[in-house]
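Trainee: One structure follows; several queries about it will come next.
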Amino acid sequence: MPKPIQEIDRFAAEIAPETRESVYSASKLKTDKRFEVLHNDFEDVDQVRKLAGRVKQHTLENLPRYLEQAEAALKRNGVHVHWAMTGDEANEIVLEIMRRRNARKVVKSKSMVSEETHLVPFLEKHGMEAVETDLGEYIVQIDGDTPSHIVTPIIHKNRRQIGRSFEREGLGPYTEDPEELTMMARRHLRQKYLEADVGMTGANFVVAESGRLAIVTNEGNARFSMAATKTHIAMVGIEKLVPRDSDLPLFLSLLARSSTGQRSTVYTQFISGPKAEKQPEGPEEMHVIFLDNGRSEVLASDCKEILRCIRCGACMNTCPVYRQTSGHAYRSVYPGPVGAVLSPLLNRHGFAPLADLPKASSLCGACQEVCPVDIPIPDLLVRLRHKAKEEKADKAAVATPTFGAWALAAVSPPLWKAGLTFGHGLNWVPRALLDIEPAAKSWQATRDLPKFRGGEFRSWLKSKRQGKGGKG
Amino acid sequence: MNAREQIFSKIKEATQGLEEVTPLPSSEEIRSMRPRQVPTAGDFETLAANFSQRWEEAHGKQYADWSELLEFLKSKEVKRGYADPQAAELLGASGLPIEFEYKRADVDAFDFSITMADIGVAETGSVVLTDRGTSNRLAALACWIHVAVLPRQKLVASLGDAMELMGDDPSIIVVTGPSKTADIEGVLIEGVHGPGIQICVIV
């Protein structure tokens, strides 16, 4: 019988060494850059993160009011506003707009929410041509792959694989030179923009008071789609709001620094409606689709803080589990710590199939420490572990050692003390003998068992108390 | 119940009684969390020095006037260029073939384009192009070399200051350097979809 193992552990065990290496080095580099630039630029980074967290938390707690305000502002600006409960409904709305405009071709900027709804395969099924224009997403699309990171979708691919894909797709002769590869994509994709009828984007923020959409890219693809096409459709989650225009500088500076260590993303767009009258290029018609897709349920749950997320990816870059497993191991649109919370909650097939994800964490807390909106991710993971237990989700229980004896000892001080005393006996047991116990064996396979030092804190505390008359 | 009603009924229920839990931080508090890059003095020399430093950090190029720019463009052996007539006039552009009309069929035929910038941001080293102030969106993005012409009185200290000047323009783009990607193995490449060379001239 094969040994039971958590799915994410199996993925980590089977991942190609070169993939692990690319993921590890790229995410480590970004973590370091983020740290350097944030701590150089702000006096007290934690204060800034917490402030941004409070703005988002306030917005979520007043979401009905701000959504109504945003809707009114957008309509005032001449934007068509649509609402969708599910991903399927949102996709249908896009298709309907395209049909009404006699549109056949859409160029798309990177947007995680459209990954949630599986928009591209949906449009293709209905005879539309849909092209991803972010370089990484384009490569994911031609390879029939899925993104493994929300900011750098092809963190798991190397230049040789990309060279072969471009050769296969007829973009040009095989090359391993990233610059040549990028120029091939440039030539190919600009024709796609010019032929397209519709430009599709997400939004990083939507301002309630003005109806402005803030959209950031480094490549300029969202701008190109909004310069070359006549219809702009933005699909956004209902949690993307911020109250005021004056909130944007704070969020934009945190987003750029947290995701790529840049002070500013190359292109930051503020879109509040169709093109200006005199402007010869750009959309004459603009639509915003507000999508729920499980978010209202999350808002009602004890994990609502996860909806503050601004999708910077810093938590995955810093996560020791993500670095070892890569994003695909999370089997969903959102990988890493944010995904371990969000993915099981938003999953269209329910919580149970992804109930193991909240366990893919050592609860080390690095994710909360880097989060630009200070989401207490470790707390949320613990709440979801509890939920999995309550709902008896099988996936979460796989390969979990029994804690029966430990639980018993933890509630009985004399038993606990006895355990600490006898624990020292372990230091005299030969390592090989410990391998008889399966859990101890699997633990020792990759680590050295440190010397047991239990009880030292208690004796230290005791001596402290005696020394200071019990006031330690 | 339609989707809108369903969503609102669910989120109203979810947020009932929470409205006062987390107060909205004031705009003053938000503004006080400016990064160090925001210059504290507002005179032109300080703003311009800060702007230039950040602009170059983001790999933008800056030329003092038309003759410097002309020299650079000639070194790139440009053949065809587009300009917003207003920008060309402010620059005093001459000595190169410049056209005042940009057609999408010619998207790759132009080597460079010159358009107006409406605001410059010292904090981030960015130029802000508004829709009403940009003669052609496509021209300002699709050419390999783009020159943004920024009137000197339009330089401000921070992105927040710039936002206050944006008014109700429907499509604003804040540009910080050339188009970039690091998607392939984290290698930085410039000129993905937009300009590979982004220039600013303050006039």
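Protein chains in written order, with the working numbering: chain A, 1184 to 1655; chain B, 52 to 254. The C-beta atom is built at its ideal place from N, Cα and C for all residues, glycine as well. Note that the structure is a prediction, hence the values are computed from the model and not measured.
(1) Leaving aside the five residues before and after A:Q1445 along the sequence, list all residues of the same chain whose C-beta is less than 7 Å from its C-beta, in chain order.
(2) Thinking C-beta only, is A:K1239 closer than 7 Å to A:V1556?
(3) So with CB distances below 8 Å, who are the chain B contacts of A:A1256?
(4) Have a look at A:L1433 and A:S1595 and give me their C-alpha separation to the nearest angstrom.
(5) Name the one or two DSSP bridge partners that B:W106 has.
(6) Under 9 Å, CB to CB, which of the residues in the segment 143–162 of chain B have a partner in chain A?
(7) Would you grab the beta carbon distance between A:Q1189 and A:A1582 for me? Rounded to a whole angstrom, and I think it's under 8 Å.
(8) Roughly how many angstroms separate the alpha carbons of A:A1209 and B:E236, rounded to a whole number?
(9) Quick one: what's got a C-beta closer than 8 Å to B:E215's C-beta in the same chain, skipping five residues either side?
(10) Verify the CB distance criterion: does A:Q1189 have a CB-CB separation below 7 Å to chain B?
(11) Between B:R131 and B:F161, how many whole angstroms is the CB-CB distance? I'm expecting something under 8 Å.
(12) Listing by chain order, which chain A residues have their CB less than 8 Å from the CB of B:E64?
(13) Just to confirm the assignment: which complete alpha helix (DSSP H) runs, minimum length 4, are found wholly within the segment 1392–1440 of chain A?
(14) Should A:M1184 be flagged as near chain B, meaning a C-beta pair shorter than 7 Å?
(15) Since B:V198 and B:I250 should fall inside the 8 Å C-beta cutoff, what is the C-beta to C-beta distance between them, to a whole number of angstroms?
(16) Taking buried to mean at least 16 other C-beta atoms within 10 Å of its own C-beta, is B:M52 buried or exposed?
(17) Determine the extent of the alpha helix (DSSP H) in which A:E1552 is found, giving its start and end residues.
(18) Excluding the 5 residues preceding and the 5 following A:G1456 in the sequence, name in chain order all residues of the same chain whose CB lies nearer than 7 Å to its CB.
(19) Residues of chain B with a CB under 8 Å from the CB of A:Y1357: which are they?
(20) Any C-beta of chain A sitting closer than 7 Å to the C-beta of B:K130?
(21) Three or more C-beta pairs under 8 Å: does that hold for the segment 1494–1508 of chain A against the segment 1204–1222 of chain A?
(22) Given that B:M217 touches chain A, what residues does it touch there, using C-beta distances under 7 Å?
(23) Exposed or buried, which one is A:M1184 when buried takes at least 16 other CB atoms within 10 Å?
(24) In three-state DSSP terms, what is A:G1653?
(25) Is B:A190 near B:S164, with beta carbons less than 7 Å apart?
(26) Classify A:H1222 as buried or exposed, calling it buried when 16 or more other Cβ atoms lie within 10 Å of its own Cβ.
(27) Do the CB positions of A:A1391 and A:L1431 come within less than 7 Å of each other?
(28) Is the distance from the Cβ of A:Y1376 to the Cβ of A:A1405 below 7 Å?
(29) When we look at the beta-carbon of A:K1654 and count the other beta-carbons within 10 Å, is it buried (16 or more) or exposed?
(30) Return the CA-CA distance between A:E1275 and A:S1297, expressed in angstroms with no decimal places.
(31) From A:G1270 to A:L1474, what distance separates their C-alpha atoms?
(32) Figure out for me which residue from A:T1384, A:Y1450, A:L1435, A:V1399 has the closest Cα to the Cα of A:M1418.
(33) B:D182 versus chain A: which residues are under 9 Å apart at the beta carbon?
(34) From which residue to which residue does the alpha helix (DSSP H) around A:E1350 run?
(35) Which residues of chain A have a Cβ atom closer than 7 Å to the Cβ of B:E80, listed in chain order?
(36) Do B:L147 and B:G171 have their C-beta atoms within less than 7 Å of each other?
Mentor: Answer, in terms of the structure:
(1) Residue numbering aside, residue 1445 of chain A sits at position 262 when the first sequence is read from its first letter. The answer, listed in chain order, is A1439.
(2) Taking the first residue of the first sequence as position 1, residue 1556 of chain A is located at position 373. Taking the first residue of the first sequence as position 1, residue 1239 of chain A is located at position 56. In this structure, A:K1239 lies closer than 7 Å to A:V1556 by Cβ.
(3) Sequence index remark: in the first sequence, residue 1256 of chain A carries index 73 (1-based). Ordered by position in chain B, no residue passes the 8 Å Cβ test against A:A1256, which lies about 11 Å from the chain.
(4) Within the first sequence, numbered from 1, the residue matching residue 1433 of chain A stands at position 250. Within the first sequence, numbered from 1, the residue matching residue 1595 of chain A stands at position 412. Approximately 50 Å between the Cα atoms of the pair.
(5) Here the question's residue 106 of chain B lines up with position 55 in the second sequence. Its beta-bridge partners do not exist; DSSP assigns none.
(6) Y153, R155, A156, V158, D159
(7) Reading the first sequence from its first residue, position 6 is the one you call residue 1189 of chain A. Reading the first sequence from its first residue, position 399 is the one you call residue 1582 of chain A. The C-beta distance from A:Q1189 to A:A1582 rounds to 5 Å, short enough to meet the 8 Å contact threshold.
(8) Position 26 of the first sequence, counted from the start, is the residue given in the question as residue 1209 of chain A. Position 185 of the second sequence, counted from the start, is the residue given in the question as residue 236 of chain B. If I take the Cα positions, the gap works out to 8 Å.
(9) Taking the second sequence and counting its residues from 1, one reaches residue 215 of chain B at position 164. Here the set comprises nothing.
(10) Here residue 1189 of chain A refers to the residue found at position 6 when the first sequence is read from its first residue. Not one chain B Cβ lies under 7 Å of A:Q1189.
(11) Position 80 of the second sequence, counted from the first residue, corresponds to residue 131 of chain B. Position 110 of the second sequence, counted from the first residue, corresponds to residue 161 of chain B. Taking a contact as a CB-CB distance under 8 Å, the pair B:R131 and B:F161 counts as one, their CB atoms being some 5 Å apart.
(12) Numbered from 1 along the second sequence, position 13 holds the residue referred to as residue 64 of chain B. Those within 8 Å of B:E64 in chain A are A1483.
(13) 1404–1411
(14) Position 1 of the first sequence holds residue 1184 of chain A. With a pLDDT of only 48 at A:M1184, under the threshold of 50, the placement of this residue in the model should not be trusted, and no figure is reported.
(15) The count along the second sequence starts at 1 and reaches residue 198 of chain B at position 147. The count along the second sequence starts at 1 and reaches residue 250 of chain B at position 199. That belief holds up - the Cβ atoms of B:V198 and B:I250 are roughly 4 Å apart, short of 8 Å.
(16) On the second sequence, residue 52 of chain B is found 1 positions in, with the first residue counted as 1. Burial call: exposed.
(17) On the first sequence, position 369 is the one that residue 1552 of chain A refers to. Unbroken alpha helix (DSSP H) run through A:E1552: 1549–1553.
(18) Here residue 1456 of chain A is taken as the residue at index 273 of the first sequence, counted from 1. These residues qualify, in order along the chain: N1260, G1261, V1262, M1469.
(19) Translated into the one-based positions of the first sequence, residue 1357 of chain A becomes position 174. Going along chain B, no residue has its Cβ under 8 Å from A:Y1357, so there is no contact; the nearest lies around 14 Å.
(20) For this step, residue 130 of chain B is matched to residue 79 along the second sequence. With 7 Å as the cut-off, B:K130 does not count as an interface residue toward chain A.
(21) yes
(22) Numbered from 1 along the second sequence, position 166 holds the residue referred to as residue 217 of chain B. Residues of chain A passing the Cβ test: F1453.
(23) Counted from its first residue, the first sequence places residue 1184 of chain A at position 1. Because the pLDDT of A:M1184 is 48, which lies under 50, any placement of that residue in the model is unreliable, and the number read from its coordinates should be weighed accordingly. Residue environment analysis places A:M1184 among the exposed positions, since fewer than 16 neighbouring C-beta atoms fall within 10 angstroms of its C-beta.
(24) Against the first sequence, residue 1653 of chain A aligns to sequence position 470. Only weak support is given to the placement of A:G1653: the predicted model assigns it a pLDDT of 47, under 50, and the value that follows is read from those uncertain coordinates. It is coil, neither helix nor strand.
(25) Here residue 190 of chain B corresponds to residue number 139 of the second sequence, with the count starting at 1. Here residue 164 of chain B corresponds to residue number 113 of the second sequence, with the count starting at 1. Note that the C-beta distance between B:A190 and B:S164 is below 7 Å.
(26) On the first sequence, position 39 is the one that residue 1222 of chain A refers to. Here A:H1222 is exposed: its Cβ has fewer than 16 other Cβ atoms, across all protein chains shown, within 10 Å.
(27) Numbered from 1 along the first sequence, position 208 holds the residue referred to as residue 1391 of chain A. Numbered from 1 along the first sequence, position 248 holds the residue referred to as residue 1431 of chain A. Contact flag unset, no.
(28) Working through the first sequence from its first residue, we reach residue 1376 of chain A at position 193. Working through the first sequence from its first residue, we reach residue 1405 of chain A at position 222. Cβ atoms of A:Y1376 and A:A1405: not closer than 7 Å.
(29) Residue mapping note: residue 1654 of chain A aligns to position 471 of the first sequence, counting from 1. Bear in mind that the predicted position of A:K1654 carries a pLDDT of just 45, short of 50, making it unreliable; the figure below should be weighed with that in mind. Exposed, by the Cβ-count rule.
(30) Taking the first residue of the first sequence as 1, we reach residue 1275 of chain A at position 92. Taking the first residue of the first sequence as 1, we reach residue 1297 of chain A at position 114. Distance between the alpha carbons of A:E1275 and A:S1297 is about 12 Å.
(31) Looking up residue 1270 of chain A in the first sequence gives position 87. Looking up residue 1474 of chain A in the first sequence gives position 291. Answer to the nearest angstrom: the Cα atoms are 7 Å apart.
(32) Reading the first sequence from its first residue, position 235 is the one you call residue 1418 of chain A. Comparing Cα-Cα distances from A:M1418 to each of A:T1384, A:Y1450, A:L1435, A:V1399, the minimum goes to A:T1384.
(33) For the purposes of this step, residue 182 of chain B is taken as the residue at position 131 of the second sequence. Within 9 Å Cβ-Cβ: K1458, A1459, K1461, Q1462, G1465.
(34) For this step, residue 1350 of chain A is matched to residue 167 along the first sequence. Element bounds for A:E1350: 1342–1351.
(35) Along the second sequence, read from residue 1 onward, the residue named residue 80 of chain B stands at position 29. In chain order: L1234.
(36) On the second sequence, residue 147 of chain B is found 96 positions in, with the first residue counted as 1. On the second sequence, residue 171 of chain B is found 120 positions in, with the first residue counted as 1. Their beta carbons are not under 7 Å apart, which means B:L147 does not touch B:G171 by this criterion.
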